[in-house]
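Residue numbers (the working numbering), protein chains in the order written: chain A, 1 to 111; chain B, 1 to 113.
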């Protein structure tokens, strides 16, 4: 079974802090994705990556950056957390041209 | 541009009744279509996918969906609802060209005893 793990299930940070969300997949997938999920808005794509050291902006990249130094790991970085970044963050991975597999999510609260 | 519309942000059905969750898509080319389910405090799990083979697709937990090109629809059904089906359901579309998936806003399914 594909396994996608995220470093934390729940996280509380203060405004202005730098926040790292880590995602690891164990199936050698090329593609990895970061989404945020908010009530009534569904899933919105923040960033994605097709290969190591490659990254592409999604629909809402402002205030976020990413890093993919190894194929299995894709990190989402909030350079200076703000209260409007309080959300559920979901990581996913996929083989080329295939369905995405999701991690359990990280519920981030910024106070 | 591709998009997905799910009709009804909340749907309630009685236990044992038919489940019907509606999804319409727009796409300029034949799409890949997916239904995902999200249980409380969990990530999304693939229920089923359509990839241009059979138009009636069977998924896990007794769910199925039918691709209707003329109606640009991909509705999800289950003949008899169970309490464990209470969750949020997402319809999604992909053009395969860039492996991105566009998700609908989700439908929360409530099962009444």
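Quick reminder that beta carbons are idealized off the backbone N, C-alpha and C, glycines included. All of these numbers come straight from a predicted model, not from anything done at the bench.
Start and end residues, beta strand (DSSP E) containing residue i
i                      : result
residue 9 of chain A   : Run containing residue 9 of chain A: none; DSSP gives neither H nor E here.
residue 10 of chain B  : 10-14
residue 60 of chain B  : That residue, residue 60 of chain B, is in no beta strand (DSSP E); it is neither H nor E in DSSP.
residue 104 of chain B : Premise fails: residue 104 of chain B is in no beta strand (DSSP E) and is neither H nor E.
residue 88 of chain A  : 87-94
residue 22 of chain A  : 19-25
residue 77 of chain A  : 73-78
residue 88 of chain B  : 87-94
residue 115 of chain B : Beyond the ends of chain B as shown, which are 1 and 113, falls residue 115 of chain B; an answer cannot be given.
residue 106 of chain A : 106-110
residue 69 of chain A  : 65-70
residue 29 of chain A  : Neither: residue 29 of chain A is in no beta strand (DSSP E) and is coded neither H nor E.
Chain A contact for residue i (CB, 8 angstroms cutoff)
i                      : result
residue 69 of chain B  : no
residue 111 of chain B : no
residue 8 of chain B   : no
residue 16 of chain B  : no
Residue-chain proximity (residue i, chain B), Cβ-Cβ < 8 angstroms
i                      : result
residue 25 of chain A  : no
residue 61 of chain A  : no
residue 100 of chain A : yes
residue 90 of chain A  : yes
residue 45 of chain A  : yes
residue 132 of chain A : A question about residue 132 of chain A goes unanswered here, because the residues of chain A that appear run from 1 up to 111.
residue 105 of chain A : yes
residue 48 of chain A  : yes
Any non-hydrogen atom of the ligand SAM closer than 7 angstroms to residue i Cβ
i                     : result
residue 32 of chain A : Absence of the ligand SAM is noted for the structure shown, with no ligands found whatsoever.
At a Cβ cut of 8 angstroms, what residues of the segment 43-57 of chain B count as close to chain A, listed as they run along the chain?
43, 44, 45, 46 and 49
The segment 20-39 of chain A / the segment 96-106 of chain A touching (three or more Cβ pairs under 8 angstroms):
Under the Cβ criterion (8 angstroms, minimum of three pairs), the segment 20-39 of chain A counts as touching the segment 96-106 of chain A.
Does the structure place the segment 84-92 of chain B close enough to the segment 38-48 of chain B that three or more beta carbon pairs sit under 8 angstroms?
yes
Got a sec: which bits of the segment 60-94 of chain B sit with their beta carbon under 9 angstroms from any beta carbon on chain A, in order along the chain?
90, 92 and 94
Meets three-Cβ-pair contact criterion under 8 angstroms: the segment 39-48 of chain A and the segment 14-31 of chain B
no
Could you tell me whether the segment 51-67 of chain B touches the segment 27-39 of chain B, where touching means 3 or more Cβ pairs closer than 8 angstroms?
yes
Of the residues that make up the segment 72-88 of chain A, which ones have a beta carbon closer than 7 angstroms to any beta carbon in chain B?
none
Between the segment 16-25 of chain A and the segment 63-76 of chain A, do three or more beta carbon pairs fall short of 8 angstroms?
yes
Give a yes or no on contact between the segment 6-15 of chain A and the segment 100-109 of chain A, applying the rule of three or more CB pairs nearer than 8 angstroms.
yes
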